[in-house]
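What follows is one structure encoded as structure tokens, with my remarks underneath.
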Amino acid sequence: MSARRAWHEVLRALAVAAIALMWTMPVAGQSALDDRARAMFPDADHVGAFTGTPPTAEVGREGQLLGYVLLTDQVAPIPAYSGKPISVLVGIDTAGVIRGAEIIAHEEPILVIGVTDDALARFTAQYTGRSVDDTFKIGGRERPGTVRLDGISGATITMMVLNASILRSVKAVAEARGLPLAPGAEAQISAATERMAAAQPTNTAQPDAATFEPIWKEVWAERTLRVWILGAGLLLLTVILFLQDWLTRYRRLISTLRIAFLVYTLLFIGVYALAQLSVVNVLTFVHSAVRDFRWETFLIEPLIFVLWSFVAVSLLLWGRGVYCGWLCPYGALQELVNKAAQKLRVPQLNLPSLVHERLVAIKYVILVALFGLSMQSLPDAVRYAEVEPFKTVFALRLDRTWPFVAYALGLVAISAFNGKFFCKYLCPLGAALTIPSHFRIFDWLRRRKECGRPCQTCATECPSQAIRPTGEIDANECHYCLDCQVTFWDPYKCPPLVEHRKRAEKHGRTLDRLPLR
215 MSARRAWHEV
225 LRALAVAAIA
235 LMWTMPVAGQ
245 SALDDRARAM
255 FPDADHVGAF
265 TGTPPTAEVG
275 REGQLLGYVL
285 LTDQVAPIPA
295 YSGKPISVLV
305 GIDTAGVIRG
315 AEIIAHEEPI
325 LVIGVTDDAL
335 ARFTAQYTGR
345 SVDDTFKIGG
355 RERPGTVRLD
365 GISGATITMM
375 VLNASILRSV
385 KAVAEARGLP
395 LAPGAEAQIS
405 AATERMAAAQ
415 PTNTAQPDAA
425 TFEPIWKEVW
435 AERTLRVWIL
445 GAGLLLLTVI
455 LFLQDWLTRY
465 RRLISTLRIA
475 FLVYTLLFIG
485 VYALAQLSVV
495 NVLTFVHSAV
505 RDFRWETFLI
515 EPLIFVLWSF
525 VAVSLLLWGR
535 GVYCGWLCPY
545 GALQELVNKA
555 AQKLRVPQLN
565 LPSLVHERLV
575 AIKYVILVAL
585 FGLSMQSLPD
595 AVRYAEVEPF
605 KTVFALRLDR
615 TWPFVAYALG
625 LVAISAFNGK
635 FFCKYLCPLG
645 AALTIPSHFR
655 IFDWLRRRKE
665 CGRPCQTCAT
675 ECPSQAIRPT
685 GEIDANECHY
695 CLDCQVTFWD
705 PYKCPPLVEH
715 RKRAEKHGRT
725 LDRLPLR
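Pasting the structure below:
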């Protein structure tokens, strides 16, 4: 057997073992589920097996039925942000009252690391004592006919999916088991329950989630205004890109536009909308594409979906620089800090070209390591993806233990004297976006024959050090800030144009038309 074939056999064996392990996990955890069920029903002396459609386990005492427990991923499996449903054990008594809810398993990035178990327990505890007739809503104002639940900061979408899964599960079970329901609630779910029962045989473990209204539609309806604001910002950016040759001739105008857009990116996209993209999105997409691709997985977060759609198009048209230079909230934060530092005359300490060119490889190594780890365990890859400080800064608003906060703020502090240090050397998302950038269609960044030979003006001033000493722009590292294009059109700064201007002035003429080369 060749070495390559032997290696393939090893990989196949590991894959089979992993699948077998995952398949047997629910069986191995049955006793733990029984213990949790008894905690919800302290008087119980018996917890049965999961049976019926939808699957439930009877809980009783001395032969008397006290209620049921269910797993939401077996009754109403709604794919969450990770692309997989969250498993919650819920107890319902015979009066239709929820006796408890506890998260059993999940792979949500925001919950894997960053949100404490106590915070999750406080959230699920809000369901205890509520009726299956109740309609729950995460955050917002209290409305007639709804029960307002306090969400978890930075995990709103995940909590909405969790809430929808619990709500639909308990109503479906209450209808199927004949528990007390208000007339309106019974009518609302009876059709869905009948379709689920007709479509599946008894004792089926996974009912069809399509019998329920997709949660993403509710999320999109709730966030319509945010989507429109994001769309307006993306439209403005598109106009800037198409008019860049004209705008960059006016230094003050393009500088004002850029700073304003960076503030918009930081405050709206990052702080308010929490739409910071992450390498976790890339890993989730790859896993979904090769396993069980479903658009619902990505539609669940409207702003992330719209932003990724725009980034996908901009990658093919202009490369990674449009996102990294204009739409990344953490990148905007670093750049604004660096601009403020320069105004305060903080000395800039850019690394020598030889050192810089070698350090940029670090982010590619991080990307490959995360991708390789995700092949074995996506939750583990999510944990190590904390090399991105995005979650700490935006989703959790620095409400974390001090090492995470120190790391995130330390990188921002470094950017004061070394512009966008994290983006240049450590960002795995930037590394991932570089790959499709090689297929970009346009190259609208103008250069002159003197660039690099001998002129080094733009190379010296490039904040991302993306211009090589020989004058070429390294598209892999360019953040499309347009600084070099402003210099390109400036007859008082670009050395070739300075010569043209001086010759024109010597002959009593003005430089009306700027040479392109």
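The sequence shown lines up with residues 215 to 731 when you count with my numbering.
Glycine included, C-beta positions come from ideal geometry on N, C-alpha and C.
{"Item": "Separation of residue 341 from residue 546, as counted between CA atoms", "Value": "40 Å"}
{"Item": "Buried versus exposed, by CB contacts within 10 Å (16 or more), residue 658", "Value": "exposed"}
{"Item": "Alpha-carbon spacing of residue 645 relative to residue 377, whole angstroms", "Value": "35 Å"}
{"Item": "Own chain, CB closer than 7 Å to residue 555, minus 5 neighbours either side, in chain order", "Value": "630, 631"}
{"Item": "Straight-line Cα distance separating residue 347 from residue 360", "Value": "10 Å"}
{"Item": "DSSP-derived helix/strand/coil call for residue 717", "Value": "helix"}
{"Item": "Residue burial classification, residue 320 (beta-carbon count within 10 angstroms, cutoff 16)", "Value": "buried"}
{"Item": "Run of the beta strand (DSSP E) containing residue 381, from where it starts to where it stops", "Value": "No beta strand (DSSP E) holds residue 381; the alpha helix (DSSP H) holding it covers 370-391."}
{"Item": "Three-state secondary structure assigned by DSSP to residue 636", "Value": "helix"}
{"Item": "Residue 653 versus 334, 624, 527, residue with shortest Cα-Cα distance", "Value": "527"}
{"Item": "Between the CA atoms of residue 461 and residue 468 - distance to the nearest angstrom", "Value": "6 Å"}
{"Item": "Close Cβ partners of residue 263 (< 7 Å) along its chain, the five nearest in sequence each way excluded", "Value": "271"}
{"Item": "Opening and closing residue of the alpha helix (DSSP H) in which residue 290 lies", "Value": "Here residue 290 belongs to no alpha helix (DSSP H), and DSSP marks it neither H nor E."}
{"Item": "Beta-carbon proximity list for residue 482, same chain, < 6 Å, skipping 5 on both sides", "Value": "none"}
{"Item": "DSSP three-state assignment for residue 548, whether helix, strand or coil", "Value": "helix"}
{"Item": "Limits of the unbroken alpha helix (DSSP H) element including residue 478", "Value": "465-478"}
{"Item": "Sequence-distant residues of the same chain with beta carbon closer than 8 Å to residue 667, five excluded per side", "Value": "684, 685"}
{"Item": "8 Å CB neighbourhood of residue 599 in its chain, flanking five on each side removed", "Value": "323, 492, 493, 494, 497, 584, 642"}
{"Item": "Among 690, 610, 682, nearest to residue 648 - alpha-carbon criterion", "Value": "690"}
{"Item": "Length of the line joining the Cα atoms of residue 651 and residue 532", "Value": "8 Å"}
{"Item": "Integer Cβ distance of residue 524 from residue 448, believed to fall under 8 Å", "Value": "5 Å"}
{"Item": "Residue 322 in three-state terms, based on DSSP", "Value": "coil"}
{"Item": "Contact set for residue 420: own chain, Cβ-Cβ below 7 Å, skip 5 residues either direction", "Value": "Because residue 420 carries a pLDDT of 42, less than 50, the predicted location of this residue cannot be relied on, and no value is offered for it."}
{"Item": "Identity of the residue in 283, 474, 694 nearest residue 534 by Cα", "Value": "694"}
{"Item": "Close-in-space but distant-in-sequence residues of the same chain around residue 699 (CB under 7 Å, 5 per side omitted)", "Value": "458, 462, 659, 660"}
{"Item": "Given 8 Å, three or more beta-carbon pairs between the region 704-718 and the region 483-490", "Value": "no"}
{"Item": "Residue span of the alpha helix (DSSP H) that contains residue 306, given as start and end", "Value": "Where residue 306 is concerned, there is no enclosing alpha helix (DSSP H), although the beta strand (DSSP E) it sits in stretches over 301-307."}
{"Item": "Spatial neighbours of residue 519 in its chain, beta-carbon cut-off 6 Å, leaving aside the 5 residues before and after", "Value": "512, 513"}
{"Item": "Delimiting residues of the alpha helix (DSSP H) encompassing residue 336", "Value": "331-339"}
{"Item": "Residue span of the alpha helix (DSSP H) that contains residue 351, given as start and end", "Value": "Careful: residue 351 lies outside any alpha helix (DSSP H), inside the beta strand (DSSP E) at 350-352."}
{"Item": "Three CB pairs or more closer than 8 Å across the region 599-611 and the region 551-569", "Value": "no"}
{"Item": "For residue 567, three-class secondary structure by DSSP", "Value": "helix"}
{"Item": "Through-space distance from residue 277 to residue 392, alpha-carbon basis", "Value": "19 Å"}
{"Item": "Sufficient close CB pairs (3 or more, under 8 Å) joining the region 436-444 to the region 298-312", "Value": "no"}
{"Item": "Per-residue burial, residue 284 [other beta carbons within 10 Å of its own, 16 or more giving buried]", "Value": "buried"}
{"Item": "Three-state class that DSSP yields for residue 581 in the structure shown", "Value": "helix"}
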